[in-house]
Amino acid sequence: MRASSAKALVLPLAVLVAFEVWARAIHLQSDSLAPPSEIVMALFGAFADRSILAATRDTLFSAVAGLTIGTIIGLALGIAFGISDTLDRLMEVTVEAIRPIPSIALLPIALIALGFGYRMEIVIVAFACVWPVLILSRAAVRSIEPRLLEVARALRLPPAQRVWKIIIPAALPRIFVAFRLSAGIALIVAVTVEIAINPLGLGAGIMLAQQALRPDLMLAYLVWIGAIGYALNVLMVVAQNRLFGRAAVSGDGT
Amino acid sequence: MASAAKRLDVVPGTPAPQVSFEAVTLQLGGKTIIENLSLGVRPGEFLCIIGASGCGKTTALRLAAGLYQPTSGKVNFDGQRMREPRREIAIVFQDYGKALLPWRTAAGNVSLALEAGGMPSAERLARIEELLRTVGLPGHAGKYPSEMSGGMQQRLQIARCLAQEPKTLLMDEPFGALDAMTRQGLQDEVLSLVAASGATVIFVTHDLEEAIYLGDRVIGLLPHPGRIGIELAVNLPRPRDQLSTREHPEFLRLRRQLFDFIKATEQ
Amino acid sequence: MNRAALLWRMASFAIAAGFVALWQLIANLNLVSPVFLPGPDRAWTALVRGFSSGDLWSKLAGTLEHMAYGWLAASIAGIAIGAIIGSSRMMRTYVAPSLEFLRPLPVSAIIPVAIAMLGLTQAMALFVIAFGAIWPIMLATIHGFAAVEPRLYEVARSLQMSRLAVIFKIALPSASPDILAGMRLSLTVALILSVVCEILAGLDGLGHWVLLSARAFRSADLFAGVILLGVTGYVTSVAMSLAEHRLLAWQAAQR
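Residue numbers (the UniProt record's numbering), protein chains in the order written: chain V, 1 to 254; chain R, 1 to 267; chain X, 1 to 255.
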């Protein structure tokens, strides 16, 4: 295990060192590249003046808010469609008509309706998060062991309790997989909206650094955004392992 | 044990062995799987290898195929040292489901061997049809392996191996996963195919009766590490017959002998 | 059976039509300002007008072009690189972990870097789209190549197949379900990044069109553009499904 992770580090370290040496050897003057040492310094600087922390807070706030709203809507629809075949079939065309709209295409609509700021970003993130949650939670509800539903019927549980006590707990491991996927999407969409147009958060930060011709700061943002993406992913996988054990992780393919 | 095989080589008038192991030892991951194994298989001979699980019989077959290289000793084919697999040696794997290309039809799977042999595409079609007919799969050319039963898939794998026009056919428990009726049918078909082609066969099985029924000679391996523990010539008349051969006193005698051997190795 | 399915489908269309009617009603009653929400009638008119004047055709062509070039470049490079990494144990040990580390990176974050290097140009857009679309394809190809049944490689060895024949006759077909799934994911990524790049760089395409319409508060044109983007997403994904269905007919037989 340790040997293999050491091997995994060989390539990135070699690239970084080679880049550093090359940049120093030719006295790199560039609007788009900076040696790793300067990127690290810029990252420290951005932490020192707290600018990157504020940007991180803004991006994460939008992403989490959008993720929460999107998950709630997606989950409600997914469970409803999963329980009721009739509803699912009736809504099929509507869902298939809206789903393929690329989330980012809603950006101009959200912009004129809501203006710049958190709200429009949250709406777009929420829209993007609805679909994976909807589709996977519908599939999760469908795949619940029929015996469990028979138990619920035998106990004469009212519908609300049936959902709350039987369906959601039974489908939870797979619903969490959907949530994990959506969390990744939420971050991506939030950053993308900020890069495209919205003047806040990490995306706006990296664009500003580019426009200010500060490649070191721009790449520092890039590294930081990558680190957040990676950390979020690790966090979600760990949470999934803790909550549901390894069995749920192998259900990824669904 | 090694001397038994040596003896076969030096009997005057016997042809040189097609496949021969000379003091072969194989170690994998620090464990000795096969130790000092010597044996020769005459051209056209049907040799069966039996043994308890873990005795290295499959490993021996893979050495003969050139899929493994011995740690020491030599594996020869037609007097030449084997350094890699060659097309004159075909191997029928037990797990037919894994050894067939699921994205190719029956015809396509047979074609793979013909393509590898460099046969022009114009000639392939007729040859494929002929081979599929030989193994009893006429009219299934367009089916995917997943649409075929286990027995049919194994026939298909045999057809692909026959397409190599092998001098030696290696079979690794080919019927182990099939039901008894299918197995008996395929045993007889393999016997007649082999009789027609004149190929040398090394056949690994854990089924003692199958080994006696098919073979000219049966070798039993001892486990940990694998080495020869018993060697019996099968002097039963050919063609063999599922009923009369299996009731033949010689068959029963050999079966008893092998059964005692296996029982002894398990203790 | 088929009749019932058809009836359900029709009922489902009726429901969708109901939603459109509801949208029309909301617009007619001015429940939402028409500046933000045009009725479907006005969106439709804008769509027809846009196509008859040729404006929308050229924007649609622009977006499709960005998407197609970026995606094709990503597919070719992704499969080639993925095949090299996936078929070598050494590459898998040394290179694959770095790729896994980069995977959760929001790919759009590369846009400023691309702008700094290439400016607000077509080349920048193609680079960004290809860069974003390559990941799903490359990772799927690595996985597909690494997961080839070892027994098939043994079959190839005993047939003494050449290295090239092994790649084209064994490894690629075996990995094709993974590769095609990756290409399908990438298609969505390519469309989104096309729109983003068009918005940022003002390149001819639907992304630019919807942004300009929004800036000028021409909401009917804006909705026409969004609908067209939805149609683009739908049609490309259906086309991809058909291609997959065709190419993976052998898999359908397996189930």
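Where a beta carbon is used, it is the ideal one built from N, C-alpha and C, also for glycine.
Exercise for the section: Find out if the Cβ-Cβ distance for the pair L191(R), L214(R) is shorter than 8 Å. Expected result: yes
Practice task
Please report how far the alpha carbon of A188(X) lies from the alpha carbon of L22(X), in whole angstroms.
Solution key: What sits at residue 188(X) in the sequence shown is Thr, not Ala. Looking at the two C-alpha atoms, the distance is approximately 29 Å.
Problem - Segment limits, beta strand (DSSP E) that includes V75(R) - result: 72 to 77
Problem - Distance between beta carbons of A74(X) and S186(X), contact taken as under 8 Å - result: 6 Å
Problem - Residues, ordered as in the chain, of the segment 122 to 142 of chain R that lie near chain X by beta-carbon distance below 9 Å - result: none
Exercise for the section: Just the chain X side, please: which residues come within less than 7 Å of F93(R) by C-beta, in chain order? Expected result: R151
Problem - Whether V141(V) touches G70(V) by CB criterion (8 Å) - result: no
Problem - chain X within 8 Å of P102(R), Cβ atoms only - result: yes
Exercise for the section: Pull up the DSSP beta-bridge partners for K81(R), would you. Expected result: The identity of residue 81(R) in the sequence shown is Arg, whereas the question assumes Lys. Paired residues: N76(R).
Exercise for the section: Please check if any C-beta of chain X sits within less than 8 Å of the C-beta of A64(R). Expected result: no
Practice task
Measure the beta-carbon distance from R103(X) to W135(X) and round it to whole angstroms, keeping in mind my assumption that it falls under 8 Å.
Solution key: 6 Å
Problem - Inter-residue spacing [alpha-carbon to alpha-carbon] between L114(R) and I76(X) - result: 30 Å
Exercise for the section: Express the C-alpha separation of G226(V) and A125(X) in angstroms, rounding to a whole number. Expected result: 21 Å
Practice task
Verify whether the separation of the beta carbon atoms of I137(X) and G62(X) is less than 8 Å.
Solution key: no
Exercise for the section: Report the rounded CA-to-CA distance for S174(X) versus T182(R), giving the unit in angstroms. Expected result: 29 Å
Practice task
Would you check if there are 3 or more beta carbon pairs closer than 8 Å linking the segment 164 to 172 of chain V to the segment 151 to 170 of chain X?
Solution key: no
Exercise for the section: Helix, strand or coil for Q69(R), going by three-state DSSP, please let me know. Expected result: coil
Exercise for the section: With 8 Å as the threshold, decide whether the Cβ of Q240(V) is near any Cβ in chain X. Expected result: no
Practice task
Name, in chain order, the residues that DSSP records as bridge partners for F46(R).
Solution key: V201(R)
Handout entry: Boundaries (first-last residue) of the beta strand (DSSP E) holding A233(R)
Key = 227 to 233
Exercise for the section: Put E35(R) into one of helix, strand or coil per three-state DSSP. Expected result: strand
Handout entry: Per-residue DSSP class, three states only, for A171(X)
Key = helix
Problem - Spatially closest choice to S108(X) from G203(V), A80(V), D216(V), G117(V), by CA coordinates - result: G203(V)
Exercise for the section: Pull up the DSSP beta-bridge partners for F21(R), would you. Expected result: L39(R), V75(R)
Problem - Separation of A123(X) from A17(X), as counted between CA atoms - result: 42 Å
Practice task
Could I get the ranges of all uninterrupted alpha helix (DSSP H) runs contained in the segment 55 to 105 of chain X, with 4 residues as the minimum, in chain order?
Solution key: 55 to 86, 89 to 94, 96 to 102
Problem - M10(X) burial status per 10 Å Cβ neighbour count (16 or more: buried) - result: exposed
Exercise for the section: For chain R, find out if any of its Cβ atoms is closer than 8 Å to the Cβ of V155(X); answer yes or no. Expected result: yes
Problem - Any C-beta of chain X under 8 Å from that of residue 256(V) - result: In this structure chain V extends from 1 to 254, so residue 256(V) is not present and cannot be described.
Problem - S4(V) at chain X interface by Cβ criterion, 8 Å - result: yes
Practice task
Determine, using beta carbons only, whether I91(R) and T59(R) come nearer to each other than 8 Å.
Solution key: no
Practice task
Determine the DSSP secondary structure at A90(R), reduced to helix, strand or coil.
Solution key: strand
Practice task
For S51(V), collect the residues of the same chain with a Cβ closer than 8 Å to its Cβ; drop the 5 residues on either side in sequence, then sort them by chain order.
Solution key: G205
Exercise for the section: Indicate whether at least one CB of chain R lies closer than 8 Å to the CB of Q160(X). Expected result: yes
Practice task
Please determine if the segment 67 to 77 of chain R and the segment 133 to 149 of chain R are in contact, where contact requires at least 3 C-beta pairs separated by less than 8 Å.
Solution key: no
Exercise for the section: Could you please tell me which residues of the segment 78 to 90 of chain V, in chain order, have their CB closer than 8 Å to any CB of chain X? Expected result: R89, L90
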